[in-house]
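Inspection log for the structure reproduced underneath, given as structure tokens.
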Amino acid sequence: MKFGRSITTLLLAFVLLVSAAFGQNRHRHRYYRNVEGHRVHRPVFSRSVPSGATAKCRDGSFSFSQNHRGTCSHHGGVAQWLN
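Here you go:
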């Protein structure tokens with residue numbers, strides 16, 4: 336019985352961890368200051384396009400960059416610009 340509970344607990348922890356990693360909880364992610372001094376979300380991984388995303392990077396993350404220059408520079412470059 337204890338072994339079954341341990342496996343269940345581990346699986347639940349794994350599911351919660353994966354859910355958090357792919358969720359759209361951008362408030363948990365860090366920010367950076369762009370060249371104009373504006374606070375901008377760092378790129379995040381998400382299954383769907385997060386609100387405010389401006390580009391999809393080649394590594395699969397989404398960028399919120401307000402300028403084209405340097406967008407996705409540490410994420411393989413821009414795969415697609417978003418409207």
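Numbers in the working numbering are just positions in the sequence shown, counted from 1, shifted up by 335. Idealized CB from N, CA, C, for every residue including glycine.
- Task: Measure the C-alpha to C-alpha separation of W416 and G372 and round it to an integer number of angstroms.
- Result: Indexing the sequence shown from 1 puts residue 416 at position 81. Indexing the sequence shown from 1 puts residue 372 at position 37. Between W416 and G372, the C-alpha separation is close to 22 Å.
- DSSP three-state assignment for R368, whether helix, strand or coil: To locate residue 368, count along the sequence shown from 1; it is residue 33. R368: strand per DSSP, three-state reduction.
- Query: Out of curiosity, what's the CA-to-CA distance linking S408 and P385?
  - Reply: Walking along the sequence shown from the start, residue 408 turns up at place 73. Walking along the sequence shown from the start, residue 385 turns up at place 50. S408 and P385: Cα-Cα distance of roughly 19 Å.
- Item | Nearest-angstrom Cα separation, counted from T406 out to A390 | Within the sequence shown, residue 390 is the residue found at index 55, counting from 1. Within the sequence shown, residue 406 is the residue found at index 71, counting from 1. Separation of A390 and T406 (C-alpha to C-alpha, rounded to the nearest whole angstrom) is 8 Å.
- Task: Answer yes or no: do S398 and A414 have a C-beta to C-beta separation smaller than 8 Å?
- Result: Against the sequence shown, residue 398 aligns to sequence position 63. Against the sequence shown, residue 414 aligns to sequence position 79. No. Outside cutoff.
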